[in-house]
Amino acid sequence: MKRQRFLPTIAEQPFFILPESVGWYWDDPEHTVDRRENSWNTFSIHYIVSGKGYLETVQETYLLERGDAFLYFPLQRQRYYSDQEDPWSVLWIHFYGTAINEFLIERGFHRSHLWTLRQTKPLEQAFEELLTELEKEEFYHLSRMSTLTYAILAEFVNQAVPQSAVKLPESTDRILQLLPRMQNEACKPFDLPYWAQQAEVSTFYFCKLFKKATQMTPMEFITLCRLQKAKQWLLEKKEWTIREIAMEAGYPSISYFNKRFLEQESMTPSEYRQLYWKQ
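Quick note, the sequence shown lines up with residues 1211 to 1489 if you use the working numbering.
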């Protein structure tokens, strides 16, 4: 089964990134790709939604399962294929742009083909949005295509860790599932033992897994959630004082609220409010 779209390559264009082709293959045990070195002139990302497959290098063959992904730079040798008994469901995209090489190298993505995604739903959603757009057969909407393609690249770069790193355990998945609740309750006093109990781990292990899953500590996450609310209230609740907003955001001390806001936004809450009220 396949969903796929192919587009003309545009030599001179003002966009950072454009897609050359994008697709989704599933239930195809015969899916095999073997490209010689210097034969393919685009970048590509493949993400495994379910099932199994394999990627071969000169040295080794690697097993790929749900949450794994692989990235190729232009002109690289490519050899990958689906498992016969448990064929993979794989989302893929080929893309190009004049500055993408430097963008990926600066972030270390030239060091490996093989990656694992900490969170998968944002990348899957980005693929679905681009596929749906391209299925309209309106490839001349270049700005829209570029935006949706960049969303795929951005989600990949943000969530990918080298596959050689330890894969996230099931308990980390439970932490990721807690994030919406933690965000909704961020303005309440933060109770680390409570949230560790929800994940069924110790407080020490909760902090360790949280850092691995989100690249921040639990308190850093809570702070960002609180400041997001505070910024919204500063503009929408004009009748509220800074002290009232600080209290609502979970900061009984207005001086500490001002300090955290300044650290994050490089301006005080009052300066932020005045900046937007002048517009």
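C-beta atoms are modelled at their ideal positions from N, C-alpha and C, and glycine is treated no differently.
Alpha carbon of residue i to alpha carbon of residue j, nearest angstrom
| i | j | result |
| --- | --- | --- |
| Y1493 | F1280 | In the structure as shown, the chain begins at 1211 and stops at 1489. Residue 1493 is therefore absent and cannot be evaluated. |
| F1216 | M1426 | 39 Å |
| P1399 | A1406 | 15 Å |
| S1465 | L1472 | 10 Å |
| Q1223 | T1242 | 32 Å |
| F1225 | W1234 | 24 Å |
| T1357 | A1370 | 20 Å |
| G1460 | D1383 | 27 Å |
| Y1282 | E1446 | 46 Å |
Under 9 Å between C-beta atoms of residue i and residue j
| i | j | result |
| --- | --- | --- |
| M1392 | I1432 | yes |
| S1260 | W1236 | yes |
| I1258 | V1232 | no |
| P1501 | T1252 | A query on residue 1501 cannot be resolved here, the shown segment of the chain reaching from 1211 to 1489 and no further. |
| A1440 | P1390 | no |
| E1295 | P1239 | yes |
| Y1290 | Y1264 | yes |
Cβ shell of residue i (< 7 Å), same chain only, five flanking positions each side left out
| i | result |
| --- | --- |
| L1378 | In this prediction, L1378 has a pLDDT of 46, which is less than 50 and means its spatial position is unreliable; nothing more can be read from the coordinates. |
Which residues DSSP lists as bridging residue i, in chain order
| i | result |
| --- | --- |
| P1229 | F1305 |
| I1362 | DSSP, once it has assigned bridges, lists no residue as partnering I1362. |
| Y1272 | L1265 |
| Q1288 | R1245 |
| H1256 | F1280 and W1302 |
| F1414 | Answer by DSSP bridge pairing: none, since F1414 is not bridged. |
Best match in the options for proximity to residue i [C-alpha to C-alpha]
| i | options | result |
| --- | --- | --- |
| P1229 | K1447, T1359, D1244 and E1449 | T1359 |
| F1420 | L1388, W1250, H1304 and Q1373 | L1388 |
| E1430 | C1417, P1372 and Q1442 | C1417 |
| S1476 | L1437, P1462 and Y1461 | L1437 |
| Q1408 | P1428, K1262 and I1385 | I1385 |
| Q1286 | A1309, R1245, R1483 and D1293 | R1245 |
| R1483 | K1346, Q1442 and R1470 | Q1442 |
| C1435 | M1355, A1396, V1268 and D1293 | A1396 |
Nonlocal neighbours in the same chain, by C-beta distance under 8 Å from residue i, ignoring five residues either side
| i | result |
| --- | --- |
| Q1373 | Y1272, D1278, S1322, L1324, W1325 and T1326 |
| I1220 | L1228 and L1352 |
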